[in-house]
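Numbering (the UniProt record's numbering), first residue to last: 1 to 228. We put the CB at the ideal spot given by N, CA and C, even for glycine. Data block below; observations after.
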């Protein structure tokens, strides 16, 4: 019964917004899906593994797939740190070419509980290695600082956890000028399907900034996470 109720909440959430999404001009509509696992390997230390697929609905093309591997450690109840590696297989569908990318990252996250609200701030350094020749990239690696602010509401007497989130990405080593080149705004709902399986569904705006032809992408996301 609980799974059925959660699926009904998910369906209602998506039906409210999907009809309003329509690609225009330099806009895209995408679906992101991720399946992963969190494994506690020691006290306060977790191993994180996931596979992610991003698909452009309006172009009917795969955008990219990603393999993520990470570690996170709870230093205190309110403070955690972590590091990770991501391999990306990217599709430049306009040129019918595929590229490999590699990323290493490290983060620090603080959070505070205010009654039913959990407020968190995460600062992440990302170092992205591109194929300069094949991708026609002006420099590599490309380093970024990604700032993410989140608010989660723990509904009393319910397993549903709605959340909102804002992210900005700032360049760190652009040889010309370091700018904020991307921001994301998202809202979603997380809920359990079983004792060890969580589902997260969200809607997100991904907006490029300070580029010649900035792209806007409306994203429908569904994530599954096993907690072991």
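From the listed residues 128, 146, 115 and 189, the smallest Cα separation to residue 156 is found for 115. Here residue 213 is not bridged, per DSSP, to any residue. Boundaries for residue 94: no beta strand (DSSP E) harbours it, and the DSSP string shows neither H nor E there. Here residue 67 is exposed: its Cβ has fewer than 16 other Cβ atoms, across all protein chains shown, within 10 Å.
Taking C-alpha positions only, residue 183 is separated from residue 211 by approximately 13 angstroms. Of the candidates 197, 153, 73 and 29, 197 places its Cα closest to the Cα of residue 223. About 19 angstroms separates the Cβ atoms of residue 47 and residue 79, ruling out a contact at the 8 angstroms cut-off. Residue state for residue 77 is assigned as coil, using DSSP reduced to three classes. Note on residue 142: 16 or more other CB atoms within 10 angstroms of its CB, so buried under the neighbour-count rule. Taken atom to atom, the span from the alpha-carbon of residue 192 to that of residue 162 is near 12 angstroms.
Along the segment 105-155, the alpha helix (DSSP H) occurs as fully enclosed runs of 4 or more residues at 132-135, listed in sequence order. An exposed status is given to residue 121, since fewer than 16 other beta-carbon atoms sit within 10 Å of its beta-carbon. Per DSSP, the unbroken beta strand (DSSP E) holding residue 181 starts and ends at 180-194. When the beta-carbon positions are compared, residue 166 and residue 145 stay at least 7 angstroms from each other. Per DSSP, reduced to three states, the secondary structure at residue 223 is strand. With contacts defined as CB atoms closer than 7 angstroms, residue 86 and residue 64 fail to qualify as a contacting pair. In this structure, residue 140 sits near residue 132, with a CB-CB distance shorter than 7 angstroms.
Looking at 202, 81 and 201, the one whose alpha-carbon comes closest to that of residue 108 is 81. Its chain contains 47 as the residues whose beta carbon lies nearer than 7 angstroms to that of residue 41, once the 5 sequence neighbours on both sides are disregarded; these appear in chain order. When DSSP reads this structure, residue 162 sits in a beta bridge with 189. Membership of residue 57 in any beta strand (DSSP E) is not indicated, and neither H nor E is assigned to it by DSSP. Residues of the same chain with a CB within less than 6 angstroms of the CB of residue 52, apart from the 5 flanking positions on each side, are 34 and 66 in chain order. Spanning the alpha carbons of residue 216 and residue 204 requires a straight line of approximately 11 angstroms.
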